[in-house]
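Chains as they are written, first to last, in this note's numbering: chain S, 258 to 570; chain H, 53 to 392. Just so it is clear, CB atoms sit at the ideal spot from N, CA and C, and this is done for glycine as well. Quantities reported herein were computed from a predicted structural model and do not represent experimental measurements. Worksheet: one structure, shown below.
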Ligand SMILES: Nc1ncnc2c1ncn2[C@@H]1O[C@H](COP(=O)(O)OP(=O)(O)O)[C@@H](O)[C@H]1O
Ligand code: SF4
Ligand SMILES: [Mg+2]
């Protein structure tokens, strides 16, 4: 087990190396850099070369990459080209909000996806099953950015509900702060929940046909116990793997939700950084997200072992 | 001499009475009658063998007794189906749950798939005992250990913590038997309990079932497609074909004087120790009818029967007494000589 975790964490290094390299190249392919923007915005035309030198953008690309990597390995992700603040600090300041948003979306996803999937399977081929299945197909095919935009626009027209412009910090009023995340996280969970629901339904139908379910019934256990104790755990093993895949989607979704609902989290920060070509920030956030997703997947893989005793690491 | 269960039969009341059982399945591509008018009694402490090729309705018959047939697509009908005086057809779900695992329990064919892979043996054993006998804590564990010990599993305390995949097929089937006997049931239904196991341990398991049910006075039903498996372990045998009982007799009589050509065929397909080396094992040619696609006219066995005549195809024989305690469903029961 310990060896397994160590090996997986060691594998993290080459992955991060590759990701950092790709992101490094991609941000520099986007036309224009921070300096041209600064010049265009503020109009100090003569200092352009000097500005580049100050920001270290005059160095050769391999040199820049080398510096970036060397510092990153020491835990220093550089400073923002615009604010001059350390990137790591900026990220960790915005991270809790993104975390809360993602966790809340995950909460809705599990809260609705799994029970509805089970229900749909138990009521196979009844009107309820058909209804739930149509809803899940709908949920899967509605893009979350579209749904979010719709809510913002029609919320304002019909319900006089507007996403608040001023975000209430968690420290100021935790409940109100979380309250602001309810709608974005719900929107984010729609597609996730729909796919969890479909997977749960499929797996439940399969597991309910297994011999050990018949054994459980032959013991005289109530249907409730058969479903919860004997069928659910076995059905959730494959559902878990879907969730691993969904993590990347979830993180991507928070970026979109934060920008539509104007939430000052990591996603919003990333989009702004892209707009302003703030290379260190883009690179830093990507490394961060990548590490996060890999770690979550590791946790999920370890959870397999908890759910399924046949798996040994 | 102890009275055999056979001799007891006259005084004792049957613990299980099944009369005119019919089980249908309505499927997407048609309807199927899996069990066609099956009647039998089971007496306390008796051991009944049920024999027939795969698809003859053996499992469906006894799953119906447990009311474990999924309905729909299944539908169970019977003139009478009573367990110790209680109507199993009219019993509520709740009443059935009190019978299952408690008064009637079941061991299934494949011990590999019949145990839940994600729960420990202990957890799976305890839940039935807890439910029906209300034991808990130390006494619950003691009961589990005692049971595992009884079915010949060594280091039972340790086994309680094992997961099914850590045990061999034979051990798992012993666990299934321990679980089935855990609440001292009146009837143990064993559906092909050795079919999925290694030949070398089949005999051990069969003897274990016979010895334990004898000790506990539990009536047992041993379902198998291998007539040889029930030879030494049952009091009576009923042979099923295409959803019907074709012959029913006390075990010694059935082996000595089988009257139905199907029974005779099954008998000849038993591998024998004294068989000359190199001789191929006999098997009945053809296959049982496909109940979903074929309509059966007359005797269902006619297409495969060496003695079939016009009359056989025209009209189905009914199950008639041939001798005391010996029922046969064949027009030529009287002159069907054992050949081979
Ligand atoms: N749940 C079910 N749905 C549809 N058909 C079934 C079901 N269970 C059994 N059958 C059919 O009933 C017939 C008898 O099956 P079964 O009792 O399992 O035979 P066996 O004698 O091998 O135990 C077979 O044709 C089988 O296909
Ligand atoms: S009734 Fe006829 S076909 Fe059927 S088993 Fe007897 S002899 Fe064979
Ligand atoms: Mg069967």
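Where residue i falls, given that 16 or more other Cβ within 10 Å makes a residue buried
i: residue 387(S); result: exposed
i: residue 383(H); result: buried
i: residue 108(H); result: buried
i: residue 312(H); result: buried
i: residue 545(S); result: buried
i: residue 236(H); result: exposed
i: residue 293(H); result: buried
i: residue 365(S); result: buried
i: residue 547(S); result: buried
i: residue 530(S); result: buried
i: residue 537(S); result: buried
i: residue 424(S); result: buried
i: residue 357(H); result: buried
i: residue 535(S); result: buried
i: residue 259(S); result: exposed
i: residue 55(H); result: Confidence in residue 55(H) is poor, its pLDDT being 47 and thus under 50, which makes the residue's placement unreliable; the coordinate value appears in the next sentence. Residue 55(H) should be labelled exposed.
i: residue 400(S); result: exposed
i: residue 217(H); result: exposed
i: residue 146(H); result: exposed
i: residue 415(S); result: exposed
i: residue 65(H); result: exposed
i: residue 277(S); result: buried
i: residue 340(S); result: exposed
Cβ distance (whole Å) where residue i is taken to contact residue j below 8 Å
i: residue 91(H); j: residue 72(H); result: 6 Å
i: residue 445(S); j: residue 362(S); result: 4 Å
i: residue 84(H); j: residue 95(H); result: Not confirmed; about 31 Å, so no contact.
i: residue 287(H); j: residue 303(H); result: 6 Å
i: residue 492(S); j: residue 464(S); result: 5 Å
i: residue 153(H); j: residue 475(S); result: 6 Å
i: residue 460(S); j: residue 495(S); result: 5 Å
i: residue 543(S); j: residue 280(S); result: 5 Å
i: residue 393(S); j: residue 466(S); result: The pair is not a contact, with the Cβ atoms about 21 Å apart (cut-off 8 Å).
Collapsed DSSP secondary structure at residue i in the structure displayed
i: residue 352(H); result: coil
i: residue 529(S); result: helix
i: residue 89(H); result: strand
i: residue 343(S); result: strand
i: residue 568(S); result: coil
i: residue 259(S); result: helix
i: residue 306(S); result: helix
i: residue 377(H); result: coil
i: residue 157(H); result: strand
i: residue 304(H); result: helix
i: residue 107(H); result: coil
i: residue 412(S); result: helix
i: residue 54(H); result: Reliability of the predicted coordinates at residue 54(H) is poor, the pLDDT of 46 falling under 50, and the value obtained from them is presented with this limitation in mind. Reduced to three states, the DSSP call for residue 54(H) is coil.
i: residue 202(H); result: helix
i: residue 209(H); result: helix
i: residue 371(S); result: helix
i: residue 239(H); result: strand
i: residue 82(H); result: strand
i: residue 523(S); result: helix
i: residue 314(S); result: coil
i: residue 401(S); result: helix
i: residue 336(S); result: strand
Limits of the beta strand (DSSP E) - the one that residue i falls within
i: residue 179(H); result: Here residue 179(H) belongs to no beta strand (DSSP E); instead the alpha helix (DSSP H) covers 173-185.
i: residue 545(S); result: Taken as a continuous stretch (DSSP letters only), residue 545(S) belongs to no beta strand (DSSP E), being part of the alpha helix (DSSP H) at 536-564.
i: residue 324(S); result: Here residue 324(S) belongs to no beta strand (DSSP E); instead the alpha helix (DSSP H) covers 318-330.
i: residue 127(H); result: 126-129
i: residue 276(H); result: 271-276
i: residue 292(H); result: 288-293
i: residue 259(H); result: Residue 259(H) -> not in any beta strand (DSSP E); alpha helix (DSSP H) instead, spanning 251-268.
i: residue 134(H); result: 132-135
heavy atom of ligand 4 below 8 Å from residue i C-beta
i: residue 312(H); result: Of the ligands one can find in the structure shown, namely ligand 1, ligand 2 and ligand 3, none is ligand 4.
Extent of the continuous alpha helix (DSSP H) run through residue i
i: residue 436(S); result: 431-464
i: residue 151(H); result: 145-151
i: residue 395(H); result: Shown here, chain H extends from 53 to 392; a query on residue 395(H) therefore has no answer.
i: residue 226(H); result: 221-233
i: residue 585(S); result: Since the first residue of chain S shown is 258 and the last is 570, residue 585(S) is not available in this structure.
i: residue 468(S); result: 468-475
i: residue 397(H); result: The structure shown does not extend to residue 397(H), since chain H is modelled only from 53 to 392, so the question has no answer here.
Task: Shell residues, 7 Å Cβ cut-off relative to heavy atoms of ligand 3 - done: One residue after another in chain order, those with a Cβ under 7 Å from a heavy atom of ligand 3 are 106(H), 110(H), 111(H), 161(H), 243(H), 244(H) and 275(H).
Open item on the list: As a quick check of your reading: which residues have a C-beta less than 5 Å from at least one non-hydrogen atom of ligand 2, in chain order?
Closed with: The set, ordered by position in the chain, is 313(H), 351(H), 353(H), 354(H), 357(H), 359(H), 360(H), 364(H), 369(H), 382(H), 383(H) and 384(H).
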